[in-house]
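Trainee: For reference, the structure I am asking about is given below.
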Amino acid sequence: MPEMRIEVGGREFDVACQDGEEHFLRAAAKLLDAEATALVGQIGRMPEARMLLMAGLMLADKTAGLEDQLRTTEERASVAERVAANARANPERIEVPVIPDIVTDTLAEIAARAEALADRIEERKAG
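Numbering of the sequence shown is given in this note's numbering, commencing with residue 9 and proceeding in unit increments.
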């Protein structure tokens, strides 16, 4: 079991951890140190036990807030998944109006007549 020296709030501590867990211990110690350093900066020097307790409580408070945010996010994701599943199961019918063939044919005939008329006008201008 590896022994490590960590610093929390300007004080050093020797701690042990499982093999391969050193990185996690360093990360946790860094979080605790940040809280303890902020406390020492605000309050000043305090007994070791009090510093560690208050820093731990501050981290616990942050963790509780993050857990609340996670729970809210998971609930919102669950609602979104249900809405999406319902939309896939019951797709909304969208009707696109279709132009009747007679209208299309009539417009094509009018366009052809207009082009023929334009050609005749061009011929008269030229001739």
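Ideal Cβ positions, reconstructed from N, Cα and C, are used throughout, including at glycine.
Measuring only the C-alpha atoms, how far is glutamine 26 from methionine 9?
Mentor: 5 Å
Trainee: Threshold first: 3 residues or longer. Then list the beta strand (DSSP E) segments lying entirely within the stretch 23–110, N to C.
Mentor: none
Trainee: Cα separation between glutamate 123 and alanine 97?
Mentor: 51 Å
Trainee: Name, in chain order, the residues that DSSP records as bridge partners for isoleucine 129.
Mentor: Beta-bridge pairing links isoleucine 129 to no other residue.
Trainee: Under a Cβ-count criterion, where at least 16 other Cβ atoms within 10 Å of its own Cβ denotes burial, should glutamate 43 be classed as buried or exposed?
Mentor: So glutamate 43 counts as buried.
Trainee: Output the distance between the C-alpha atoms of arginine 101 and asparagine 94, rounded to the nearest integer angstrom.
Mentor: Arginine 101 and asparagine 94: Cα-Cα distance of roughly 14 Å.
Trainee: With a Cβ-Cβ cutoff of 8 Å, do valine 48 and glycine 17 count as a contact?
Mentor: yes
Trainee: When you compare the CB positions of alanine 24 and glutamate 15, do they come within less than 8 Å of one another, or not?
Mentor: no
Trainee: Is alanine 63 buried or exposed, if buried means 16 or more other CB atoms sit within 10 Å of its CB?
Mentor: buried
Trainee: Start and end of the beta strand (DSSP E) containing methionine 12?
Mentor: Here the beta strand (DSSP E) through methionine 12 covers 11–16.
Trainee: Report the partner residues of glutamate 20 according to the DSSP bridge assignment.
Mentor: Glu15
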